[in-house]
Structures are given as C-alpha cells and as structure tokens.
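Numbering-wise (our numbering), the sequence shown opens with residue 102 and increments by one.
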Amino acid sequence: MVDGIEIDKDVAKETLLPDDLNSLAVGSYVVPDPSKRKQYPYVVLGVVLLIYITSLMIDFVSFVPVIIILSIVSLLLFVVNNKFKIRQQEVIEKISNNIDHSIGYYSIALTFQFTLKQILTPVWTVIVYSHENPPSNKTIIEISAFSGRVITEPYTEKLNA
102 MVDGIEIDKD VAKETLLPDD LNSLAVGSYV VPDPSKRKQY PYVVLGVVLL
152 IYITSLMIDF VSFVPVIIIL SIVSLLLFVV NNKFKIRQQE VIEKISNNID
202 HSIGYYSIAL TFQFTLKQIL TPVWTVIVYS HENPPSNKTI IEISAFSGRV
252 ITEPYTEKLN A
C-alpha cells in the first residue's frame, strides 16, 4: 500500500505536478531506527573474532590484513553519529522561518554528511513547493538531524508555468 495522495496520471500531467511529488512512483519513506546502527560495530567485531580463530587453525594464509582492516572499520562504526534530535515530523516546523514563500507540497529525505568531527552526520534534505497550483516557487534546504541548525543556505527558484 502506498501512502499519500493518489492522483490519476492524466490529471497529474494536466496540472503539471512535479515528478518528485508523485507518491505512486516512490511511496512513503520511513527512516530506519538509528539505534539499530549501534549493533553494526559489534557484528564486525564478531567477524574479526571469527577470522582470528580461523587464522589460528589455518597456517598457509595470512589473515592479518583482513583483521586490521575490519578492526579499523569497527572503530569507525563506533564513532558514527547515531543520534536524531530532529525527527522527520519536526523538519517542516524547523525550516519554516527560512522559506521565503508559502509552503504547499514538500518532500523530505535523509542523507548523511561526512565531517571529520562526527564522521557521518544525519541531514534532512527538504524540497518545498509553494501552495499555488501549479507551484510558482521551489526551495531546497538542508538541516542537521542532530542539532536542528540549517546547514545550507536555502536555494529558491521560480518555476515556469
């Protein structure tokens, strides 16, 4: 089952509905529980332990490079930021002061930004359309899912009708 408004294909073409708002094409997005990502380093450490035990039994192959690489990956997974202070439901409220036009339709996606301080920071990327039919403005903005601060300057463009 697809969440969202179901619009006939002919009606969508007539009203110039943007493709990225077509819920039949994509469907609703559910953010995976970030607490599950905390399990990954332990799984990798389990694999390292299994490879170490295998290396004790098999002498003709050196598993040292694999053990080193997987140990580094496990350490990196421990420092990945798994905290979400801003949930998907709160994103529009947080960005509404930064949008110069009315808010009609919008699309929210979760991405990750690489930084040396927090390795991977969860980021909400939002596309907001004005309420007119067809929309006259589109704004793209990104906010940190960890702190709620705006990461990028809002980019607004006029849409041709």
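Beta carbons: idealized from backbone N, C-alpha and C, even for Gly.
In chain order, 239 place their CB closer than 6 angstroms to the CB of residue 258, counting only its own chain and leaving out the 5 sequence neighbours on each side.
Between residue 230 and residue 205, the C-beta gap is smaller than 7 angstroms, which places the two residues in contact. For residue 255 against residue 199, the beta-carbon gap comes to about 5 angstroms, under 8 angstroms, which counts as contact.
For residue 260, there is no enclosing beta strand (DSSP E), as DSSP gives it neither H nor E. Non-local beta-carbon contacts of residue 192 in its own chain, meaning distances under 8 angstroms to residues more than five positions away in sequence, involve 209, 225, 227 and 244 in chain order. For residue 179, the three-state secondary structure derived from DSSP is helix. DSSP places residue 245 within a strand segment (E or B) once states are collapsed to three. Annotated three-state conformation of residue 199 is helix, per DSSP.
The criterion of a C-beta distance shorter than 7 angstroms is not satisfied by residue 176 and residue 145. Each residue's CA atom was taken as its position, placing residue 153 and residue 180 some 23 angstroms apart. When DSSP states are grouped into helix, strand and coil, residue 163 belongs to the coil group.
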